[in-house]
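Notes to accompany the following structure.
Number of protein chains: 2
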Amino acid sequence: MTLTERRARLLSLIISEYVDSATPVGSEAMVRRYELPFSSATIRNEMARLEEEGYVSHPHTSAGRVPSDKGYRYYVEALMEERDLPSQTKQTIRHQFHQAGREEDEWVHLAAAVLARAVENAAVVTMPRTAESRLKRVELVSIQDTSALLVVVMQQARVKQQVLIFPEPMEQDQLTAISNHLNQGFAGLSATEISRSQVQLTQLEWHVANAVREVLASTDQGGFDEAAMEGVRTVLQKPEFATSEKMLNLLDVLERRNLPKFIPLAEASGEGVTVMIGAENEQDAMHDYSLVISRYGTPGGIGGAMAVVGPTRMHYPRTISTVRFLSQLMGEMLSTFYDETPPPKDA
Amino acid sequence: MTLTERRARLLSLIISEYVDSATPVGSEAMVRRYELPFSSATIRNEMARLEEEGYVSHPHTSAGRVPSDKGYRYYVEALMEERDLPSQTKQTIRHQFHQAGREEDEWVHLAAAVLARAVENAAVVTMPRTAESRLKRVELVSIQDTSALLVVVMQQARVKQQVLIFPEPMEQDQLTAISNHLNQGFAGLSATEISRSQVQLTQLEWHVANAVREVLASTDQGGFDEAAMEGVRTVLQKPEFATSEKMLNLLDVLERRNLPKFIPLAEASGEGVTVMIGAENEQDAMHDYSLVISRYGTPGGIGGAMAVVGPTRMHYPRTISTVRFLSQLMGEMLSTFYDETPPPKDA
DNA sequence: CGTTAGCACTCGGGACTAGAGAGTGCTAAT
DNA sequence: ATTAGCACTCTCTAGTCCCGAGTGCTAACG
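If you're matching them up, the sequences are chains A and B in order. 1153 is the number that my numbering gives to position 258 of the first sequence; each next residue is one higher, with no gaps. 1159 is the number that my numbering gives to position 264 of the second sequence; each next residue is one higher, with no gaps.
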């Protein structure tokens, strides 16, 4: 399954060229552009072999070659040299990134924007979260007689709020009493632990505790709910989307509620960067697109995922390097807030 | 400036027809389709007059007529009969809407989705908020030694949180003391009032108070930050977006950060529904689109705005009725939570 | 006078054709 | 093994033609 040295080199050039030009690449143009020490005829022969073996394909006779999914895959595995990002680029990214404020959703938006710009494709970054949400503190704030605002603070600084209706008018004092009791009983517990708990509760307290449990549970599932996406505009301007039909396709894919289906974050559970090329994604709608996914986060377990979405014709080395760098950077930033260990200040 | 009875009727028909078919409408087809008691020649004469007066236009000789902005305007002002939504539709909307949970952002998302579906265009709904945010309560929750989570609860149940870094390690007790002090001193105040306040503060307290003030201030500006948008897909499928260029245009308009520029919510400050047709919007990018905007909210002042965005060729009566109904419905729902007066249960 | 029939004229768009350009695959020579 | 040469294929663009829908005008009509 390994290619001869020359064919490998040729495949690599075809991919570079095609990533650049978005048009099928022919033998003639190849030798001219790269001053190859062979004639176009030789290149044609080699190309024919590459095609037999499935690394490139032919839109039609008399058109140049286009890399196939298999070709890209081989390129990503064996051919491309993933060199570190130029330190200037790193510096730029780091600089943009440190302008973020202190709110988490600001972070992820900024991260998505920076990533999208750096790789010139669409980028998705999910909010960081823990494996299992645990309650840190409950607050109840009176709104009017029978309604109050429930604020649930979870470990790792996630906050959710909702309006809670009581069957009877409640004073702020009563509410404070309830929240105090719940804080004593449930602090540090997860949703399931709360529902198993044996703490004695009044009916009103139980009402609140139930709402808290639901909040914790709903935080644990999903992950894309509050994800940030950027760069849609950029990617839609690429030549593959000249027809509005293709555009609609991609827009469907990038629809918020479709993301979990199309972007299998589970793949990114381990270390490092995962690449899914075209039909490697089971979803038909993704067959023309590639994903570069990575988890980010602290060693402690708090974290999220980021993904770059674009046509299979994407600049893989740059994209992979950028995703790797940015996920590492996000990890460091999270560490500064949530971990005991001070973050490495330089890289 | 008023049209003859017959010309008015004709304009109305042209608009109905064009809204339906999206193609220029000709005299011949007109008489056939609507069985008019005149010949096509007469209609042609009348159309010529309508064109002279600017109510319709001609893409080119030998094409049918297309309503102009002025034509639509006249139609909206004088011709269309805005009849109430069929009670079945109302019922459907009400039904869909009451499935919302209790979180505000869930409301606005649902409202946007319902609206978009009902009018078959894109819809934007902003989060409800007051004229000036006032502090209700501050909470500080320790995260690790030098960092804590600041939770700012504002009146009308808006909550924001951010991570706060202290120059020295802080115990939860200290944090609680600070928040207690701030709650005593600042509850009920707005951002400007806090900055003018004469309350004596330690350096640490001042640090926190400053952050609180910033949160309040940032909540007061914007309004589109957390707006919900739905129906982009729907509107992009309309025939006017057959070319991908047009699609990109609209996508630009609907970009989150562009919304404030393109959708002048200030216009909707008063009562009722505002319609902006094509070039009535100063922004060039909006010249092919119309807006139907309405404020929603309680009489008390808490509320937001909603807008429908679509091609000028839209079904105005239905859109206007739907926006009116939904804004009223949203107002009622807000009232149930924030107002003293019980909401009218039926309509 | 308002209305209508008739008709010449105008465009846009679809179907068709031709030719240029880029590229391939094969064969025979080096 | 490599290369030059060449016939062949296929897309893309421009050009042409023609149909259909629609207009605007004029002259006739009730």
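Ideal Cβ placement from N, Cα and C applies to all residues, glycine included.
| task | Please determine if the stretch 1185–1205 of chain A and the stretch 1148–1159 of chain A are in contact, where contact requires at least 3 C-beta pairs separated by less than 8 Å. | result | yes
| request: Would you check if the distance between the CB atom of Q1057/B and the CB atom of V1110/B is smaller than 8 Å? | output: yes
| request: Entirely within the stretch 1115–1151 of chain A and at least 3 residues each: give me those beta strand (DSSP E) ranges in chain order. | output: 1123–1125
| query | Could you give the distance in angstroms between the alpha-carbon of Q1098/A and the alpha-carbon of F1136/A? | reply | 58 Å
| request: Please look up how many angstroms separate the CB atoms of R1190/B and S1222/B, rounded, as I've assumed it's under 8 Å. | output: 7 Å
| query | To which residues of the same chain is V1020/B closer than 6 Å at the C-beta, ignoring the five residues directly before and after it? | reply | V1003, A1006, A1007, A1123 and M1201
| field | Min CB distance P1237/A to chain B below 8 Å | value | At P1237/A, the pLDDT of 43 sits below 50, so the modelled position is not reliable and the matter cannot be decided from this model.
| task | List the residues of chain B whose Cβ lies closer than 8 Å to the Cβ of Q1132/A, in chain order. | result | L1143
| task | Whole angstroms is fine: what's the gap from A1180/B's alpha carbon to A973/B's? | result | 27 Å
| said: With distance defined between alpha-carbon atoms, name the residue in S934/A, H1076/A, E900/A and Y967/A nearest to E912/A. | reply: Y967/A
| query | Under the rule that 16 or more other beta-carbon atoms within 10 Å means buried, what is N886/B, buried or exposed? | reply | With chain B represented from 896 up to 1242, any question about residue 886/B goes unanswered, as that position is not in the structure.
| Amino acids of chain A, ordered along the chain, whose beta-carbon sits closer than 8 Å to that of A1137/B | S1139
| When the Cα of E1063/B is compared with those of V1047/B, T1214/B, N1078/B and D1040/B, which residue comes out closest? | D1040/B
| query | Under the three-state reduction of DSSP, which class applies to I988/B: helix, strand or coil? | reply | helix
| field | Residues bridged to E1034/A (per DSSP) | value | V1046/A
| said: Could you compute how far the alpha carbon of E1121/A sits from the alpha carbon of G959/A? | reply: 43 Å
| Collapsed DSSP secondary structure at Y929/B in the structure displayed | helix
| task | Take V920/A as the anchor and find which of L1145/A, I1038/A and T956/A has the nearest alpha-carbon. | result | T956/A
| query | Under a three-way DSSP split, which group does L1186/A fall into? | reply | strand
| task | Mark T1193/A as exposed unless 16 or more other C-beta atoms lie within 10 angstroms of its C-beta, in which case mark it buried. | result | buried
| query | What is the DSSP secondary structure of V1014/B, counted as helix, strand or coil? | reply | helix
| query | Going by C-alpha distance, which of V1103/B, R1152/B, H1102/B and G1080/B is nearest S1092/B? | reply | G1080/B
| query | Taking the C-alpha atoms as reference points, what is the distance between G1167/A and V1009/A? | reply | 19 Å
| field | Below-8 Å beta-carbon distance, Y913/A vs any chain B residue | value | no
| task | Measuring alpha carbon to alpha carbon, tell me which of L1059/A, E1001/A and E1015/A ends up nearest W1101/A. | result | L1059/A
| request: Take S1085/A as the anchor and find which of V1094/A, M1065/A, D1115/A and A1072/A has the nearest alpha-carbon. | output: D1115/A
| message | For P1169/B, report the span of its beta strand (DSSP E) as first-last. | response | The question names Pro, but residue 1169/B in the sequence shown is Thr. Per DSSP, T1169/B belongs to the beta strand (DSSP E) from V1168 to I1172.
| said: Which residue wins for smallest C-alpha separation from V961/B, given the options S1139/B, V1054/B and L906/B? | reply: L906/B
| query | Between H953/B and N1016/A, what straight-line distance do the alpha-carbon atoms span, to the nearest angstrom? | reply | 41 Å
| field | E1063/B: contacting residues in chain A (beta-carbon distance under 7 Å) | value | Chain A residues near E1063/B: none, gap ~16 Å exceeds 7 Å.
| task | Helix, strand or coil for A1163/B, going by three-state DSSP, please let me know. | result | helix
| task | Take the Cβ of A936/A as the centre, count every other Cβ of all protein chains shown within 10 Å, and call the residue buried at 16 or more, exposed below. | result | exposed
| field | 8 Å Cβ shell around Q1178/A - same chain, five flanking residues per side excluded | value | K1156 and F1157
| query | Who does Q1056/A pair with in a DSSP beta bridge? | reply | V1046/A
| task | Report yes or no: is there a C-beta of chain A within less than 8 Å of the C-beta of R901/B? | result | no
| Host beta strand (DSSP E) of G1083/A (start-end) | Segment: none, G1083/A is in no beta strand (DSSP E) and carries neither H nor E.
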